[in-house]
Amino acid sequence: MWLAFAPVWRLVVGFVIGHPDQAQADRWVEQVAWGTEDTIPFFTSDQGPAYPRAWLKIDGEWYCPPRRGTRGPHPKPRRRPRADLRYAQVIKHRTGGRVMAISTAVVFGDPAAVAARLTLSPVSQTINTRFVERDNLTQRPQNRRLACRTNGFSKDLSWFEKQLWLSLAYYHLVLPHNSLRHPLPVTEPTRGSGSPPRWCPTTPAMAAGLTDHVWTTEELLSYRVSLLYWEECPNLEKLFPGWPEVHHGN
Numbered sequence: 002m003w004l005a006f007a008p009v010w011r012l013v014v015g016f017v018i019g020h021p022d023q024a025q026a027d028r029w030v031e032q033v034a035w036g037t038e039d040t041i042p043f044f045t046s047d048q049g050p051a052y053p054r055a056w057l058k059i060d061g062e063w064y065c066p067p068r069r070g071t072r073g074p075h076p077k078p079r080r081r082p083r084a085d086l087r088y089a090q091v092i093k094h095r096t097g098g099r100v101m102a103i104s105t106a107v108v109f110g111d112p113a114a115v116a117a118r119l120t121l122s123p124v125s126q127t128i129n130t131r132f133v134e135r136d137n138l139t140q141r142p143q144n145r146r147l148a149c150r151t152n153g154f155s156k157d158l159s160w161f162e163k164q165l166w167l168s169l170a171y172y173h174l175v176l177p178h179n180s181l182r183h184p185l186p187v188t189e190p191t192r193g194s195g196s197p198p199r200w201c202p203t204t205p206a207m208a209a210g211l212t213d214h215v216w217t218t219e220e221l222l223s224y225r226v227s228l229l230y231w232e233e234c235p236n237l238e239k240l241f242p243g244w245p246e247v248h249h250g251n
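As numbered in my numbering, residues 2 to 251 make up the sequence shown, in order.
Below is the structure:
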């Protein structure tokens with residue numbers, strides 16, 4: 002599972018289910034860029050060999066290298082990162098299958114600019130992947146199909162992806178996150194003798210400005226997507242391909 006996580010809002014920006022190859026990496030980065038309106042201020046990941054090439058394909062720019070000398074063919078156009086792209090990797094050094102040391106490397110962008118970006122970050126001042134790793138732990142208890150060594154696994158990949166969409170929608174819209182709550186200006190009275198609420202519950206979707214209230218499960222399951230929205234998003238067919246018809250026994 003390829004998953005991108007925005008730690009400021011505790012929001013899953015995008016995910017892709019598939020093999021760890023270049024095609025899936027391109028599809029995943031394209032989904033992240035589409036969901037963030039092509040603006041990625043700073044991105045970190047583990048040491049995946051497919052990540053840099055995927056970022057160059059989606060968020061790079063074409064340029065033609067200068068010709069060396071007067072003989073021979075002209076260089077072919079190449080892709081290079083944009084000047085505002087900041088991308089770093091967390092490198093885990095293993096010995097005998099165990100992590101013995103961890104280092105970081107700036108892949109795209111000036112190291113000084115990356116350090117300046119980290120100083121302004123409200124969540125962390127170091128290059129790390131702990132937020133997305135912690136989110137993986139959060140998703141496992143909420144979705145039984147992500148648990149290991151159980152009989153609740155999906156027998157078909159399409160149904161696994163559908164279940165993941167449902168659990169992530171519940172996580173984003175219905176489930177308040179304690180780290181995102183903020184104090185109420187005035188405590189709300191209660192009908193009984195309990196202590197009055199002092200915090201306003203906030204979901205990741207509310208923190209990101211996607212909604213203004215905590216959804217109910219009934220509201221989530223009965224929500225109808227506007228037809229105009231689908232017509233305005235031509236990339237949806239490519240980013241979220243249709244699933245083949247399978248029997249509901251899976």
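Even for Gly, the Cβ is constructed at its ideal location relative to N, Cα and C.
Legend entry - Bridge partner(s) assigned by DSSP for Y52: Per DSSP, none; premise fails for Y52.
Inset, instruction - Check the DSSP bridge columns for W63 and list the partner residues they point to. - result: R80
Inset, instruction - Evaluate the contact criterion for the region 30-37 versus the region 206-224: three or more CB pairs, one atom per stretch, below 8 Å. - result: The region 30-37 vs the region 206-224: no contact.
Inset, instruction - Compute the Euclidean distance between the alpha carbons of W29 and H214, then round it to the nearest angstrom. - result: 29 Å
Legend entry - N-terminal and C-terminal residue of the beta strand (DSSP E) that W3 is part of: Note, W3: beta strand (DSSP E), W3 to A7.
Inset, instruction - Can you tell me the Cβ-Cβ gap for I128 and T45, rounded? I've got them flagged as a contact below 8 Å. - result: Confirmed, about 6 Å.
Inset, instruction - Using the Cα positions of Q90 and Q48, report the straight-line distance between them to the nearest angstrom. - result: 6 Å
Inset, instruction - Given a cut-off of 8 Å, decide if V124 and P42 are closer than it, judged by their beta-carbon atoms. - result: no
Inset, instruction - Note down, in chain order, each residue of its chain lying with its Cβ closer than 7 Å to the Cβ of F154, except the 5 sequence neighbours on either side. - result: R146
Inset, instruction - Give me the Cα-Cα distance between V226 and L181, rounded to the nearest whole angstrom. - result: 27 Å
Inset, instruction - With DSSP as the reference, label L86 as helix, strand or coil. - result: Looking at L86 - three-state DSSP - the assignment turns out to be coil, as it is neither helix nor strand.
Legend entry - S196, DSSP secondary structure in three states: coil
Inset, instruction - Return the residue from the list W63, S223, R141 and V187 that minimises the CA-CA distance to A84. - result: W63
Inset, instruction - Identify every residue that forms a DSSP beta bridge with K93. - result: I103
Inset, instruction - Mind listing, in chain order, the continuous alpha helix (DSSP H) runs of no fewer than 4 residues lying wholly within the region 149-182? - result: 158-174
Legend entry - Distance, L165 Cα to A148 Cα: 12 Å
Legend entry - Spatial distance of V13 from R68 (CA atoms): 44 Å
Legend entry - Separation of K156 from H183, as counted between CA atoms: Roughly 42 Å separates the two Cα atoms.
Legend entry - Cβ separation of V133 and R87, assumed to be a contact under 8 Å, to the nearest whole Å: Contact flag wrong, Cβ pair sits at about 17 Å.
Legend entry - G109 versus R80, P74, V187 and H75, residue with shortest Cα-Cα distance: Per the sequence shown, the amino acid found at residue 109 is Phe instead of Gly. Per the Cα distances, R80.
Legend entry - Closest by C-alpha distance to S122, when choosing among W3, L4, W10 and M2: W10
Inset, instruction - State the Cα-Cα distance for the pair A102 and R95, rounded to the nearest angstrom. - result: 7 Å
Inset, instruction - Give me the Cα-Cα distance between S159 and P53, rounded to the nearest whole angstrom. - result: 28 Å
Inset, instruction - Compare the Cα-Cα distances from I59 to each of K77, Q25, C65 and P76 and report the closest residue. - result: Q25
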